[in-house]
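Numbered per mature numbering (1 follows the signal peptide of the UniProt record, and there is no 0), the sequence shown spans residues -17 to -1, 1 to 134.
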Amino acid sequence: MMLPALLLLFWTGTAEAASGQKRLLLFAKDPATWSIVKGGAHGTMSYREASGAFTLTASGLAPRSPYALVRYQEAQSRGEILGRGASDTEGKLALQGIWHTWVGKFWVVSGEDVAGAPGSAASPRAWRPERYLFEEKPLGVPCVCHEPEEP
């Protein structure tokens, strides 16, 4: 009985690693301290570096509101828009697309606060971080960080 369970565990772990799918958690953060807001809005971005395919699901956002998924690079002080969409009546958002640069910070921001189409430069219009989701940690940057609890 133990052997089939171990084989299943081994096979499942290998399949996930072989698929190349990675995950980034996003959270509402307190702009004064940048700590995660417990029970706040949150999201998960799953992506494959090789193909560039990504999906983002988020909840706890403002209902029926426009949002944009943005990649921000602090060193160059610039960003790009990966995707745009609107939350539903329950404040849930789902985006998908293709992207190939998996380095930097990834944010879900109010669609009203940034101009630009998916695949183009992000032009900020306003800074209202209390409405945004921020990455658990920047991608492609070494980090000795504790893993946040998944929502």
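Note that beta-carbon positions come from the ideal geometry of N, C-alpha and C, so glycine has one too.
(message) Under 8 Å: do the segment 46 to 65 and the segment 104 to 122 share three or more Cβ pairs, one atom per stretch?
(response) yes
(message) Can you check which of these residues, K75, G74, E57 and T40, is closest to L122 by C-alpha distance?
(response) E57
(message) Please state whether the Cβ-Cβ distance between G74 and S29 is less than 8 Å.
(response) no
(message) I need the boundaries of the beta strand (DSSP E) containing L122, first residue and last residue.
(response) Note, L122: premise wrong, no beta strand (DSSP E); not H, not E.
(message) Using CA atoms only, rank isn't needed, just tell me which of W110, D71 and K88 is closest to A98.
(response) Taking the Cα of A98 as reference, the smallest distance to any Cα among W110, D71 and K88 is reached at W110.
(message) Short of 6 Å in beta carbon distance, which residues of its chain neighbour L52, apart from the five on each side in sequence? Order them along the chain.
(response) L39, L65, G66, L78 and V91
(message) Beta-carbon within less than 7 Å of E113's beta-carbon, same chain only, minus the 5 sequence neighbours each way: which residues are those?
(response) P14
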